[in-house]
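Q: Going line by line, the protein sequences match chains L and C.
Residue numbers for the first sequence follow this note's numbering, beginning at 1 and rising by one.
Residue numbers for the second sequence follow this note's numbering, beginning at 1001 and rising by one.
2 protein chains.
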Amino acid sequence: KETLAQKNESDPYANDPARSPLLTVRGHKPFNAEPPLELLDSEITPNDLFYVRNHLPVPKIEGKDYKLEIVHRDGRTSELTLADLENKFKPHDVTATIMCAGNRRNEMDSIKKVKGGYWDAGAISTARWTGALLSDVLEELGITEEGVEHIQFEGLDKDSTTQTIYGASIPADIAMDKKCEVLLAYKMNDEPIPADHGYPIRAVVPGVVGARNVKWVGKIVASDKESDSHWQQNDYKGFNSSIDWHNVDFSAAPAIQELPVISAICSARIEGDEVVAQGYAYSGGGRGIIRVDVTADNGNSWEVAELSPADPNQKRNRVYGWTLWSATLKLPECGKTVEDGCLVVRSRAVDSQYNLQPENCDKIWNLRGVLSNSWHEKKLVLDN
Amino acid sequence: KETLAQKNESDPYANDPARSPLLTVRGHKPFNAEPPLELLDSEITPNDLFYVRNHLPVPKIEGKDYKLEIVHRDGRTSELTLADLENKFKPHDVTATIMCAGNRRNEMDSIKKVKGGYWDAGAISTARWTGALLSDVLEELGITEEGVEHIQFEGLDKDSTTQTIYGASIPADIAMDKKCEVLLAYKMNDEPIPADHGYPIRAVVPGVVGARNVKWVGKIVASDKESDSHWQQNDYKGFNSSIDWHNVDFSAAPAIQELPVISAICSARIEGDEVVAQGYAYSGGGRGIIRVDVTADNGNSWEVAELSPADPNQKRNRVYGWTLWSATLKLPECGKTVEDGCLVVRSRAVDSQYNLQPENCDKIWNLRGVLSNSWHEKKLVLDN
Ligand SMILES: [Mo]
Ligand SMILES: [Mo]
Chain L
1 KETLAQKNES
11 DPYANDPARS
21 PLLTVRGHKP
31 FNAEPPLELL
41 DSEITPNDLF
51 YVRNHLPVPK
61 IEGKDYKLEI
71 VHRDGRTSEL
81 TLADLENKFK
91 PHDVTATIMC
101 AGNRRNEMDS
111 IKKVKGGYWD
121 AGAISTARWT
131 GALLSDVLEE
141 LGITEEGVEH
151 IQFEGLDKDS
161 TTQTIYGASI
171 PADIAMDKKC
181 EVLLAYKMND
191 EPIPADHGYP
201 IRAVVPGVVG
211 ARNVKWVGKI
221 VASDKESDSH
231 WQQNDYKGFN
241 SSIDWHNVDF
251 SAAPAIQELP
261 VISAICSARI
271 EGDEVVAQGY
281 AYSGGGRGII
291 RVDVTADNGN
301 SWEVAELSPA
311 DPNQKRNRVY
321 GWTLWSATLK
331 LPECGKTVED
341 GCLVVRSRAV
351 DSQYNLQPEN
361 CDKIWNLRGV
371 LSNSWHEKKL
381 VLDN
Chain C
1001 KETLAQKNES
1011 DPYANDPARS
1021 PLLTVRGHKP
1031 FNAEPPLELL
1041 DSEITPNDLF
1051 YVRNHLPVPK
1061 IEGKDYKLEI
1071 VHRDGRTSEL
1081 TLADLENKFK
1091 PHDVTATIMC
1101 AGNRRNEMDS
1111 IKKVKGGYWD
1121 AGAISTARWT
1131 GALLSDVLEE
1141 LGITEEGVEH
1151 IQFEGLDKDS
1161 TTQTIYGASI
1171 PADIAMDKKC
1181 EVLLAYKMND
1191 EPIPADHGYP
1201 IRAVVPGVVG
1211 ARNVKWVGKI
1221 VASDKESDSH
1231 WQQNDYKGFN
1241 SSIDWHNVDF
1251 SAAPAIQELP
1261 VISAICSARI
1271 EGDEVVAQGY
1281 AYSGGGRGII
1291 RVDVTADNGN
1301 SWEVAELSPA
1311 DPNQKRNRVY
1321 GWTLWSATLK
1331 LPECGKTVED
1341 GCLVVRSRAV
1351 DSQYNLQPEN
1361 CDKIWNLRGV
1371 LSNSWHEKKL
1381 VLDN
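(1) Just verifying my parser: in three-state terms, what is the DSSP assignment at Thr1003 of chain C?
(2) Using a Cβ-Cβ cut-off of less than 9 Å, list which residues of the segment 236-253 of chain L approach chain C; keep chain order.
(3) Please classify Asn1087 of chain C as buried or exposed, where buried requires at least 16 other C-beta atoms within 10 Å of its C-beta.
(4) Rounding to the nearest angstrom, what Cα-Cα distance links Asp224 of chain L and Leu141 of chain L in this structure?
(5) I'd like to know if Ala293 of chain L contacts chain C, where contact means its C-beta is closer than 8 Å to some C-beta of that chain.
(6) The beta strand (DSSP E) with His1092 of chain C in it runs from where to where?
(7) Quick one: is Glu1139 of chain C near chain L, going by C-beta distance under 8 Å?
(8) Hey, Pro1254 of chain C and Leu1371 of chain C: beta-carbon distance below 8 Å or not?
(9) To the nearest angstrom, how far is the alpha carbon of Ala1018 of chain C from that of Val1052 of chain C?
(10) Taking Gly1102 of chain C and Ala1127 of chain C to be in contact with their CB atoms under 8 Å, please state how far apart those CB atoms are, rounded to whole angstroms.
(11) Among the candidates L:Val137, L:Gly167, L:Glu34, L:Phe31, whose CA atom is the shortest distance from the CA of Lys178 of chain L?
(12) I need the DSSP call for Cys1342 of chain C, collapsed to helix, strand or coil.
(13) Going by DSSP, what residue range makes up the alpha helix (DSSP H) through His1230 of chain C?
(14) Taking 8 Å as the limit between beta carbons, can you name the residues of its chain near Ile1061 of chain C, skipping five residues before and five after?
(15) With distances taken from CA atoms, which of L:Val204, L:Trp231, L:Gly131, L:Trp302 is nearest Thr164 of chain L?
(16) Chain L partners of Asp1173 of chain C, CB-CB under 9 Å?
(17) Which residues in chain C sit within 7 Å of Asn355 of chain L, going by Cβ to Cβ distance?
(18) Strictly below 9 Å CB to CB, what residues from chain L border Asn1366 of chain C?
(19) Roughly how many angstroms separate the alpha carbons of Pro1192 of chain C and Ile289 of chain L, rounded to a whole number?
(20) Go ahead and label Gln1314 of chain C buried or exposed: buried means 16 or more other beta carbons lie within 10 angstroms of its beta carbon, across all protein chains shown.
(21) Could you tell me whether any Cβ in chain L is nearer than 8 Å to the Cβ of Gly1117 of chain C?
(22) Would you call the segment 238-245 of chain L and the segment 303-313 of chain L touching, i.e. three or more CB-CB distances under 8 Å?
(23) Among L:Asp297, L:Glu34, L:Lys187, which residue has its Cα nearest to the Cα of His92 of chain L?
(24) With a cut-off of 8 Å on the beta carbons, I'd call Gly286 of chain L and Arg318 of chain L a contact; round off their distance for me.
(25) Under a CB-based cut-off of 8 Å, is Trp1216 of chain C close to chain L?
(26) Pull the bridge partners of Glu1271 of chain C from the DSSP assignment, please.
(27) Does the beta carbon of Glu1226 of chain C sit closer than 8 Å to a beta carbon anywhere in chain L?
(28) Looking only at its chain, what residues have a beta carbon closer than 8 Å to the beta carbon of Ala5 of chain L, apart from the 5 residues adjacent to it on each side?
(29) With Lys1157 of chain C as the anchor, note down where its beta strand (DSSP E) starts and where it stops.
(30) Less than 8 Å between the beta carbons of Glu1069 of chain C and Gly1218 of chain C, yes or no?
(31) Output yes if chain C places a C-beta closer than 8 Å to the C-beta of Arg19 of chain L; else output no.
(32) Quick test of your reading: Ile143 of chain L and His72 of chain L, contact by CB under 8 Å. State the CB separation rounded to the nearest angstrom.
(33) Taking DSSP as the reference, what is the three-state secondary structure of Arg76 of chain L?
(34) Output the boundary residues of the alpha helix (DSSP H) element that contains Arg1202 of chain C.
(35) Starting from the Cα of Thr162 of chain L, find the closest Cα among L:Val25, L:His376, L:Lys379, L:Pro57 and give me that residue.
(36) By Cβ distance below 7 Å, which residues in the same chain neighbour Asn1360 of chain C in space, the five residues on each side in sequence not counted?
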């Protein structure tokens, strides 16, 4: 019979770091947690509140021992140390939001069961990342778009039983375009990247889904193919609501890369005859948020929110950070707009391409509960 | 009393060219016309069927007399002839769809009156354009992004009474990025650009709304400001449905540039116990179409369409041509899905950023009736 100590020793998650008690834990092993929505009220998320989405145990890595292996198209390999990445390339800063494809999965799940961990609207956070530009590193190593369609990342996190390692890839056009600002990041909000977020090196791919922002990157492969990992091939893809596990063909859909436009209400309350609401809005692919509409009468009338971008210096189509918003609405006539005894506040964001969030969650339902970006709603119980 | 001949001489539109009788005319002066939807069934639209959206009379220009004036940031000017554009720069081909911001305006108008000319879903077409890359021309002239935020185009079309000329601008990041493939085009489907489409030079701005694809370009200005034209400042912008003419502030919204995802059903018919439908799908900003969903039961079940991109060689995020689609659906149980005695077929497209079309037109209604990209529907009258 195992003692507790023996159990801990054989537990691959025993080395996972301590976490803030403020996080709402969605899964322990692997660790998944999101901040309470009310705390997502600053342009930059503090490191200890940044949502955590791990797929495997957190690997224990000493910075001085860290080596990044880079596999060229012809099979040759190069190696870089942490010091190389910190010193041989011009440090680059980018304010970037990272969001899990499953953010707001709870809403899809409540319509019809989906396969995937529970997330409310907090599986998204924003940091100022510092690192070497991946484009600079590839250029220095002589890796060009010639024959290279995808840049694959492999993590140093590993399943102790199956030996599976986390992997994902991004299209070479993103990786090699300096304007896309893909980083091999070694700092998160001016601190070394915390263990939960990829110490010592995380691939930060602005505008692209969290799953491709690979933590604890140990290997980069320049390839003509996408990563063959489970998470690239058979997960994190979108389908319509007529596709379920009996008829899904994962090869029929592209891996999610740039995320579509989304928003959420992080807090809303009634103050006298007004409703005060605030939240975030974000769109992938560098698209900035140009408008957030808020309604308390299911879209019959809309109030335009005040916007506060995470970084006001972001250039057009390189807006990689989210936009916080706030709005004050006149309380509508209750008789007309009460739904199940509640006043329902809804938000929808519009991005610089004038794409906007879909209206109803049931029409975008998908078997993995990803891309849950319909109008967000918050119910306020009415007193009388 | 004027004679007919006198009338014609004083008519600024007297020089407008002859047009194909196949076009459905939406306005004579200025000329606006769209092809019948059934004829939008080829990847490349024949020149004489390409929709026409003119704002002013067609200017009469001889190629040998044509001069393009380019105004540098410091006020200096350069001049290029048609022969310069044809011979001094490497010819570049791009398959690009151009769409009017008002495409499908008729649907918004039927909900609540909007201000703008009538368009069904045919104010969109696709051609293979050949010309000089604007980025090459600017580079050759020494115009860099230094101090330049916008590239303004002025047309040679002019209102004879007010002397107003057509103008529009695009962000410099699009104009100067070779991957955005902005052309000073002199050929349309291998022929000199027809008079209605901008002879001798049209700015072709792939992925960007028709209004910025300025025809008969006579002047280009490198500027820190957008064009101050009516069409840039007080038109072709999106608002929510709570904004109408009594409260609109045009300065509060950005000029439409990259278009959001759209689709339309160009034909649909019942064949036995099946519905056969085909149409187009398109998204701006180089986003390709990854899926078109078609439903005959208002989104309770979806069929995935077969896709045929205008140009199979388009690179990821540089998909500037539309995608044609076709689908065959099992005829649903009529009792469940008939709406007003009709079977209603609906399409919605999803682009590579997983943005999809909004569900309902009334929720995206706007005072100018632009960006009308909700699910498209076609009603089929049932026999019994
Ligand atoms: Mo994720
Ligand atoms: Mo237009």
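All residues carry an ideal CB built from backbone N, CA and C; glycine is no exception.
A: Reading off the structure:
(1) Low confidence applies here, because Thr1003 of chain C scores a pLDDT of 47, under 50, leaving its location unreliable and the question unanswered by this model.
(2) Residues of the segment 236-253 of chain L with a Cβ closer than 9 Å to any Cβ of chain C, in chain order: Gly238, Phe239, Asn240, Ser241, Ser242, Ile243, Ala252, Ala253.
(3) By the 10 Å Cβ count, Asn1087 of chain C comes out exposed.
(4) 17 Å
(5) Reading off the sequence, residue 293 of chain L comes out as Asp, not Ala. For Asp293 of chain L, the answer is yes, since a Cβ of chain C falls inside 8 Å of its Cβ.
(6) 1091-1099
(7) no
(8) It is not a contact, given that the beta carbons lie outside the stated cut-off.
(9) Answer to the nearest angstrom: the Cα atoms are 12 Å apart.
(10) Gly1102 of chain C to Ala1127 of chain C, Cβ: 19 Å. No contact.
(11) L:Val137
(12) strand
(13) 1230-1233
(14) Leu1156, Tyr1199, Pro1200, Trp1216
(15) L:Trp231
(16) Per Cβ cutoff of 9 Å: Lys179, Lys315, Arg316, Asn317, Arg318.
(17) Pro1260, Val1261, Asn1355
(18) Residues of chain L whose Cβ lies closer than 9 Å to the Cβ of Asn1366 of chain C do not exist, since the nearest Cβ in that chain is about 10 Å away.
(19) 40 Å
(20) buried
(21) Chain L contact via Cβ: absent.
(22) Short answer: they don't touch.
(23) The candidate whose alpha carbon is nearest that of His92 of chain L is L:Lys187.
(24) 5 Å
(25) no
(26) Residue pairing by DSSP puts Glu1271 of chain C in a beta bridge opposite C:Glu1274.
(27) no
(28) In this prediction, Ala5 of chain L has a pLDDT of 49, which is less than 50 and means its spatial position is unreliable; what the coordinates show is noted afterwards. Nothing meets the Cβ criterion.
(29) The displayed chain sequence assigns Asp, not Lys, to residue 1157 of chain C. Its beta strand (DSSP E) spans residues 1150-1158.
(30) yes
(31) no
(32) 6 Å
(33) coil
(34) First-last for Arg1202 of chain C: 1202-1204, but that is the beta strand (DSSP E), not the alpha helix (DSSP H).
(35) L:Pro57
(36) Ser1374
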